[in-house]
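Visitor:
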Amino acid sequence: MSKISLLIINGKSANNSALRKAVYQLRDEGFDLQVRVTWESSDVRRFVQEAIDINAENVIAAGGDGTINRVASELIHLSASSPPTLGIIPLGTANDFATSAQIPRDMENALNLAVKGRAVPIDVIAVNKTHYFINMASGGFGTKITTETPEALKSALGGAAYFINGLLSIDSLKADHCTIEAENFHWEGESLILGIGNGRQAGGGQQLCPEALINDNKLNITIVEAHELLPSLLNSLFDRKKNDKIIERDSRWVNISASHEMVFNLDGEPLLGNKFEFIVLPEAIHCRLPPQCDLLS
Numbered sequence: 001m002s003k004i005s006l007l008i009i010n011g012k013s014a015n016n017s018a019l020r021k022a023v024y025q026l027r028d029e030g031f032d033l034q035v036r037v038t039w040e041s042s043d044v045r046r047f048v049q050e051a052i053d054i055n056a057e058n059v060i061a062a063g064g065d066g067t068i069n070r071v072a073s074e075l076i077h078l079s080a081s082s083p084p085t086l087g088i089i090p091l092g093t094a095n096d097f098a099t100s101a102q103i104p105r106d107m108e109n110a111l112n113l114a115v116k117g118r119a120v121p122i123d124v125i126a127v128n129k130t131h132y133f134i135n136m137a138s139g140g141f142g143t144k145i146t147t148e149t150p151e152a153l154k155s156a157l158g159g160a161a162y163f164i165n166g167l168l169s170i171d172s173l174k175a176d177h178c179t180i181e182a183e184n185f186h187w188e189g190e191s192l193i194l195g196i197g198n199g200r201q202a203g204g205g206q207q208l209c210p211e212a213l214i215n216d217n218k219l220n221i222t223i224v225e226a227h228e229l230l231p232s233l234l235n236s237l238f239d240r241k242k243n244d245k246i247i248e249r250d251s252r253w254v255n256i257s258a259s260h261e262m263v264f265n266l267d268g269e270p271l272l273g274n275k276f277e278f279i280v281l282p283e284a285i286h287c288r289l290p291p292q293c294d295l296l297s
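full-length UniProt numbering numbers the first residue of the sequence shown as 1 and each following residue consecutively.
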């Protein structure tokens, strides 16, 4: 008998016929693949707890970046040691983490990787010791774009919807005055875009932290300064090599504070506050990733 794999599917994507076919194929090969479909966000915790209780080898998150991050976060919350291995099926609008990790978009190949691929340890980032992410925390204008893009626009245009909605929102640009501290680094000023990256991209394909690795025990920090707001935005999107208003660092931790309330988007989950503590949890979980994954050192 093969070990159990528990597949958690975002309810919005439950009717994916290609994924259904891939599940049946693996079952025909003898794999014990059980399927759970979410109706509300609290279902993820219940399903991950079930996977732990039945000693599942794999917990597979089928959905977008938010679904993947919720499953990964619950693995950290609920399992003190040796949690099930995380598998990923990209079914969201942007699929930023899956794209960076070269996870196949084809359902059969993605599910085979999630069940049978190599398991590698990856870092997870803790925020204020209560929240977690495996890909990216974005703040500033980038967060405004991702949180305010209408669902209908995302359904019609996919990841390009974030870019288009960003262009339509340029007249509402507003900078955050904040203080950022990390290892051998201190910065205070007006920031337009902030990226705290374990992975590399967010917002439907924008490479906020293009040098980030998910197993180097570090997070990457990108700050787009807010001098001349529109030129900074356009340069950060299209020609970052020539933009001297972009600051990039790496560190095992970073603290961000502001006198006003800020919002960070943690792989789709908004987190509000005026103080944020980011800490790397080295090799906190295992994830099944392809051999060609660029996010690994």
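From the three backbone atoms N, C-alpha and C, an ideal C-beta is built for every residue, glycine too.
1. Measure the Cβ-Cβ separation of Ser-191 and Ile-214 and say whether it is below 7 Å.
2. Can you check whether the CB of Glu-74 is closer than 7 Å to the CB of Arg-46?
3. Kindly indicate which residue of Asn-55, Ala-22, Ala-72 and Cys-178 has the alpha-carbon position closest to the one of Leu-285.
4. With H, G and I counted as helix, E and B as strand and the rest as coil, what does DSSP make of Asp-32?
5. Just tell me which of Pro-84, Ser-79 and Phe-97 has its CA closest to the CA of Gly-268.
6. How many angstroms separate the CA atom of Ile-122 from the CA atom of Ala-61?
7. What would DSSP say about Asp-294, mapped onto helix, strand or coil?
8. Could you say which of Leu-33, Lys-21, Glu-40 and Thr-67 lies nearest to Asn-55 if we only look at CA atoms?
9. Once you ignore the five residues that flank Ala-182 on each side, which residues in its own chain have a CB closer than 7 Å to its CB?
10. On the CB-based measure, 16 or more other CB atoms within 10 Å of its CB, does Gly-11 come out buried or exposed?
11. Among the candidates Phe-264, Asn-69 and Val-59, whose CA atom is the shortest distance from the CA of Pro-84?
12. Hey, would you say Gly-204 sits closer than 7 Å to Ala-119, going by beta carbons?
13. Quick check: what's the CA-CA separation for Leu-271 versus Gly-87?
14. With Ala-137 as the anchor, note down where its beta strand (DSSP E) starts and where it stops.
15. Where does Gly-66 fall in DSSP's three states?
16. Give the DSSP bridge partners of Gly-197, in chain order.
17. Identify the residues that DSSP records as bridge partners of Phe-278: which are they?
18. On a CA-only basis, which of Asp-28, Ser-17, Trp-187 and Ala-258 is nearest Leu-91? Give me that one, please.
19. Taking only three categories from DSSP, how would you classify Asp-119?
20. Report the option in His-186, Asn-217, Ala-101 and Leu-266 whose CA atom is closest to the CA atom of Asp-294.
21. Using the Cα positions of Thr-147 and Gly-140, report the straight-line distance between them to the nearest angstrom.
22. Return the chain-ordered list of same chain residues with a C-beta closer than 6 Å to the C-beta of Cys-209, the five sequence neighbours on each side being excluded.
23. Is Ile-60 helix, strand or coil by DSSP?
24. State the DSSP-derived secondary structure class of Ile-8, mapped to helix, strand or coil.
25. Hey, out of Val-124, Ile-247, Gly-30 and Trp-39, whose CA is closest to Glu-283's CA?
26. Compare the Cα-Cα distances from Gly-189 to each of Ile-247, Tyr-132 and Gly-63 and report the closest residue.
Guide: The structure says:
1. no
2. Contact flag unset, no.
3. Reading off the sequence shown, one finds Ile at residue 285, where the question assumed Leu. Closest option to Ile-285, Cα to Cα, is Ala-72.
4. strand
5. Phe-97
6. 16 Å
7. In the three-state reduction of the DSSP assignment, Asp-294 falls in the coil class.
8. Considering only alpha carbons, the answer is Leu-33.
9. Ile-221, Arg-249, Ser-251, Trp-253 and Val-254
10. exposed
11. Val-59
12. Taking 7 Å as the cut-off, the beta carbon of Gly-204 is found no closer than this to the beta carbon of Ala-119.
13. 25 Å
14. 136 to 140
15. helix
16. Under DSSP, the beta-bridge partners assigned to Gly-197 are Met-136 and Asn-220.
17. Val-127 and Val-254
18. Ser-17
19. Sequence check: residue 119 is Ala here, not Asp. Looking at Ala-119 - three-state DSSP - the assignment turns out to be strand.
20. Nearest C-alpha to Asp-294: Ala-101.
21. Residue placement at Thr-147 cannot be trusted, given a pLDDT of 49 that sits under 50; what the coordinates show is reported in the next sentence. CA-to-CA, the gap between Thr-147 and Gly-140 works out to about 11 Å.
22. Only Gly-195, Gly-197, Arg-200, Asn-220 and Thr-222 meet the Cβ criterion.
23. strand
24. strand
25. Val-124
26. The shortest Cα separation from Gly-189 among Ile-247, Tyr-132 and Gly-63 belongs to Ile-247.
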